[in-house]
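The numbers in the sequence shown follow our numbering, run straight up by one, and end at 229.
I have placed the structure first, in the form of structure tokens, so that the comments after it can refer back to it.
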Amino acid sequence: MFENESERLKTELEKENAALSGTEIYKYDGSDTSAEKQLKRDIKAAALERLENAARTEDDFQKVIELWDKRDANRERKERYHEICRGDNIPLDYNADENGICFPRSINKYLWKQIQKGDFIEAIYNCPHELQELITEPYLSQIISELTDEHKEILYYMIRGYSTVHIAQIRGQSDRNIRKVRKTFLNKIRKKMYEYLIFKKQHSMTAQEKKFVANYRKLIDTNE
6 MFENESERLK
16 TELEKENAAL
26 SGTEIYKYDG
36 SDTSAEKQLK
46 RDIKAAALER
56 LENAARTEDD
66 FQKVIELWDK
76 RDANRERKER
86 YHEICRGDNI
96 PLDYNADENG
106 ICFPRSINKY
116 LWKQIQKGDF
126 IEAIYNCPHE
136 LQELITEPYL
146 SQIISELTDE
156 HKEILYYMIR
166 GYSTVHIAQI
176 RGQSDRNIRK
186 VRKTFLNKIR
196 KKMYEYLIFK
206 KQHSMTAQEK
216 KFVANYRKLI
226 DTNE
């Protein structure tokens with residue numbers, strides 16, 4: 006009887022595998038109605054549940070795991086498809102997918118995608134005079150807040166990747182003047198950062214901050 010039971014289970018497993026082998030990777034073509042798609046999902050879910058209940062050996066459970074992995078991969082692809090202009094393995098920070106589904110292209114930008122997700126903080130503070138609100142490190146935020154409006158504006162455009170020539174055109178100044186002002190406030194920021202990191206003993210420095218302190222100390226020694 007045991008052999009007959011094993012054969013029966015084996016036959017049932019083969020039938021379930023055959024039924025589930027037709028699971029396709031998600032690609033919506035608009036051919037199925039919502040009711041039909043839901044019915045297919047219910048049938049596959051019921052088949053998978055029966056397969057789980059019938060599993061007895063290690064190989065049987067491995068097949069169940071493989072099917073669940075396939076379902077999870079399918080769900081993740083659907084979620085990525087419905088996120089605005091996200092391609093496979095393209096993080097939000099890397100901007101829009103070149104083959105994104107969003108039109109017009111202007112709303113593929115990082116800031117627009119943040120707004121689409123309901124995250125308005127960066128949009129609210131996306132201006133030169135509120136730049137310090139986007140900095141998570143308190144002491145750096147304080148240093149930036151103490152800059153003049155002119156220095157904040159130039160720093161804001163620098164962060165956005167504008168060249169000094171472009172900034173000069175925006176502000177109606179010469180490129181030489183922008184470079185001079187940039188050097189002034191960057192030196193001011195570096196000096197305040199160095200003083201804070203050296204004298205604030207309770208602050209645990211990151212590797213990048215330690216590297217900055219070492220380089221700045223060398224610069225001081227060279228100038229002396």
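All residues carry an ideal CB built from backbone N, CA and C; glycine is no exception.
Keep in mind that this is a model prediction, so the values were computed, not measured.
- When the Cα of R184 is compared with those of L160, M198, Y201, K206, which residue comes out closest? Residue numbering aside, residue 184 sits at position 179 when the sequence shown is read from its first letter. When only C-alpha atoms are compared, the closest one is L160.
- Item | the stretch 139-150 contacting the stretch 187-204, beta-carbon criterion three pairs below 8 Å | yes
- Message: Going by C-alpha to C-alpha distance, which of G177, T227, T153 sits closest to L191?
- Response: Position 186 of the sequence shown, counting from 1, holds the residue named residue 191. It is T153 whose Cα lies nearest to the Cα of L191.
- Message: Between which residues of its own chain and L139 is the CB-CB distance below 7 Å, once the five residues before and five after are set aside?
- Response: Locating residue 139 in the sequence shown gives position 134, where the first residue counts as 1. Counting only Cβ-Cβ distances below 7 Å, and skipping sequence neighbours, we find E127, Y130.
- Could you work out which residue in N79, Y221, K206 is closest to Q213 when comparing CA atoms only? Your numbering for residue 213 matches position 208 in the sequence shown. For the residues N79, Y221, K206, the minimum Cα distance to Q213 belongs to Y221.
- Option in T62, F125, L53, R61 with minimal Cα separation from R76: Taking the sequence shown and counting its residues from 1, one reaches residue 76 at position 71. Closest option to R76, Cα to Cα, is L53.
- Item | Helix, strand or coil at F190 according to DSSP, with G and I counted as helix | Counted from its first residue, the sequence shown places residue 190 at position 185. Three-state result, F190: helix.
- Task: Measuring alpha carbon to alpha carbon, tell me which of L56, K197, I120, A40 ends up nearest I70.
- Result: Position 65 of the sequence shown, counted from the first residue, corresponds to residue 70. If we check each option's Cα against that of I70, L56 comes out closest.
- On the premise that T169 lies in contact with D180, defined as a C-beta separation below 8 Å, what is that separation, rounded to the nearest angstrom? The count along the sequence shown starts at 1 and reaches residue 180 at position 175. The count along the sequence shown starts at 1 and reaches residue 169 at position 164. Indeed, because the Cβ distance is near 5 Å, the residues count as touching under 8 Å.
- Taking all protein chains shown into account, do 16 or more other C-beta atoms lie within 10 angstroms of the C-beta of I48, making it buried, or fewer, making it exposed? By one-based count along the sequence shown, residue 48 stands at place 43. Per the 10 Å Cβ criterion, exposed.
- Thinking C-beta only, is P133 closer than 9 Å to E151? The residue labelled residue 151 in the question sits at position 146 within the sequence shown. The residue labelled residue 133 in the question sits at position 128 within the sequence shown. Cβ distance not < 9 Å, so E151 and P133 don't count as in contact.
- Query: Taking just the CA atoms, how far does I164 sit from V218?
  - Reply: The residue you call residue 218 lines up with position 213 of the sequence shown. The residue you call residue 164 lines up with position 159 of the sequence shown. Cα-Cα distance, rounded: 22 Å.
- Message: Looking at I175: is its Cβ nearer than 9 Å to the Cβ of Y162?
- Response: Stepping through the sequence shown from its first residue, residue 175 is reached at position 170. Stepping through the sequence shown from its first residue, residue 162 is reached at position 157. Result yes, Cβ atoms of I175 and Y162 sit closer than 9 Å.
- Query: So is I172 buried or exposed if we call it buried at 16+ other beta carbons inside 10 Å?
  - Reply: Taking the sequence shown and counting its residues from 1, one reaches residue 172 at position 167. I172 should be labelled buried.
- Query: In terms of residues, what are the limits of the alpha helix (DSSP H) holding D154?
  - Reply: Counting from one through the sequence shown, the residue named residue 154 turns up at place 149. Taken as a continuous stretch (DSSP letters only), the alpha helix (DSSP H) holding D154 covers 154-164.
- Apply the 10 Å Cβ neighbour rule to L136 and answer buried if 16 or more other Cβ atoms are within range, or exposed otherwise. Within the sequence shown, numbered from 1, the residue matching residue 136 stands at position 131. Counting Cβ neighbours within 10 Å, L136 comes out buried, since at least 16 surround it.
- Message: According to DSSP, is T169 part of a helix, a strand, or is it coil?
- Response: Translated into positions along the sequence shown, residue 169 becomes position 164. Reduced to three states, the DSSP call for T169 is helix.
- What does a CB cutoff of less than 6 Å around K223 pick up in its chain, not counting 5 residues either side in sequence? Stepping through the sequence shown from its first residue, residue 223 is reached at position 218. Answer for K223: no residue qualifies.
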